[in-house]
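Residue numbers (the working numbering): 634 to 1053. Virtual Cβ for every residue (Gly too), placed ideally from N, Cα, C. Computed from a predicted structure; not experimentally measured. Remarks on the structure that follows.
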């Protein structure tokens, strides 16, 4: 059983619905789990994650074991010398094998800038297709979500046969990771995807040697169809429906056979719906703007009568849990525990919806019994396990302060960017 899935007798029971519509920042996918808004994925050109640049070493900071590189339009990138040791892709440099000021490097952005923190770049460049990711590891890997050992071995063998078939193109410099979407695809489609991505990556590397410093070599497109295919292949829903009011996207989904399902495939069939009701917009039908106003507020109410205060700073995020009223009587501990459990589940959802990353401190209501704390921790762990972004429970103190850490990738979007 997978921790992010909810089961009933071993069967996945969570129903998924993805509403794709337009916002100020571009197209946005709103993901609902059992009709509850649980995640937001904006498709924006502003993110630089995945982009490749010919960047110039502007400064080397020895005590950080890092360099700052100047890329497109003078934007600075953070580049760890320690993590990239032996991997540097020099486009222009002196006689030394070490990175020096003035060197030109081919790098790829792996984290967007946030506040005063610069975007982070790496020499571990890669490109992803629908079914594969091509990198420079000289190894064949398979997504951990593909758990069938026979299929895993088959995909690895497929790449070995590709190395023979395309021996003039595939050398020891390149490797592959087969994505979860490859689990149920015919070999021909997986093979063509991998070789086409390999050719694009090699083309980008060759291009870098003929471009000026600061040049954008490759732009990572945030593809809606690729995102939907990835969610479908992860097989975390018992049912999945995609609803959109964008005719072009609907036509693309129909033409590519996205909803088609062969009898021998394990992944679920997707229902695709086009919303074209001129009397009521898709956003109004799902109360999207109202829900965004709730989730992105500073004070968020719980059904029990309690509420949360959410404070996001550059260093960390603090979430304070409150009862909302003065509790008296013999069941104080039970009420506190119930409120904290409800808060734990809501906090996990808020973190996903708002894409909060980094250190997250949750100030739960103080409970006296160890079993109460254990119950809250258990619910918190279970709730964050549904997150597609890596999120970890660190510890809870005697005062009820819980620490979470959530991986940073895409930048966090603000409320006004997600509105119509």
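Go through its chain and collect everything with a Cβ distance to residue i's Cβ below 6 Å, but skip five positions before and after it.
i	result
residue 919	652
residue 864	none
residue 674	662
residue 802	none
residue 597	Within the shown structure, residues of the chain are numbered from 634 to 1053, placing residue 597 beyond reach of any answer.
residue 1033	997, 999
residue 805	771
residue 892	903, 905
residue 792	773, 809
Could you check which residue in the options has the C-alpha nearest to that of residue i?
i	options	result
residue 984	1028, 964, 933	933
residue 669	649, 866, 687	649
residue 966	1003, 953, 941	1003
residue 1006	957, 692, 968	968
residue 929	937, 836, 706, 1051	1051
residue 758	828, 720, 1039	720
residue 579	744, 946, 982	This structure gives no information on residue 579, because the portion of the chain shown stretches from 634 to 1053.
residue 811	774, 796, 993, 794	774
residue 936	976, 964, 994	976
residue 736	702, 796, 881, 707	702
If residue i and residue j are in contact, beta carbons under 8 Å, what's the gap, nearest whole angstrom?
i	j	result
residue 684	residue 853	6 Å
residue 950	residue 989	5 Å
residue 1009	residue 973	5 Å
residue 704	residue 847	6 Å
residue 995	residue 952	5 Å
residue 776	residue 823	Going by Cβ atoms, the distance from residue 776 to residue 823 rounds to 12 Å, so no, they are not a contact pair.
residue 654	residue 879	7 Å
Taking a contact to mean a Cβ-Cβ separation below 8 Å, would you say residue i touches residue j in this structure?
i	j	result
residue 781	residue 807	no
residue 870	residue 661	no
residue 588	residue 907	The structure shown does not extend to residue 588, since the chain spans only 634 to 1053, so no value can be given for it.
residue 738	residue 724	yes
residue 874	residue 909	no
residue 760	residue 689	no
residue 756	residue 740	yes
residue 712	residue 754	yes
residue 834	residue 767	yes
residue 947	residue 752	no
residue 687	residue 828	no
residue 916	residue 1053	yes
residue 991	residue 1022	no
residue 1044	residue 993	no
residue 1049	residue 778	no
residue 734	residue 692	yes
Considering only residues of the same chain and omitting the five flanking positions on each side of residue i, which have a CB-CB separation below 7 Å?
i	result
residue 714	698, 699, 700, 732
residue 763	814, 826, 859, 862
residue 978	1012, 1016
residue 866	813, 814, 816, 900
residue 667	647, 648
residue 799	828
Consult DSSP for residue i and reduce its assignment to one of helix, strand or coil.
i	result
residue 898	Reliability fails at residue 898, whose pLDDT of 49 lies under 50, so the model's placement of it is uncertain and the value that follows must be treated cautiously. Here residue 898 sits in coil by DSSP.
residue 682	coil
residue 912	coil
residue 1000	coil
residue 754	strand
residue 942	strand
residue 983	helix
residue 744	strand
residue 1041	coil
residue 674	strand
residue 1032	coil
residue 794	helix
residue 1023	coil
residue 863	helix
residue 736	coil
residue 953	strand
residue 869	coil
residue 694	strand
Note down, in chain order, each residue of its chain lying with its Cβ closer than 8 Å to the Cβ of residue i, except the 5 sequence neighbours on either side.
i	result
residue 955	939, 940, 941, 942, 998
residue 785	775, 779
Does any residue of chain B bring its CB to less than 8 Å from the CB of residue i?
i	result
residue 918	The chain inventory of the structure shown lacks chain B, comprising one protein chain alone.
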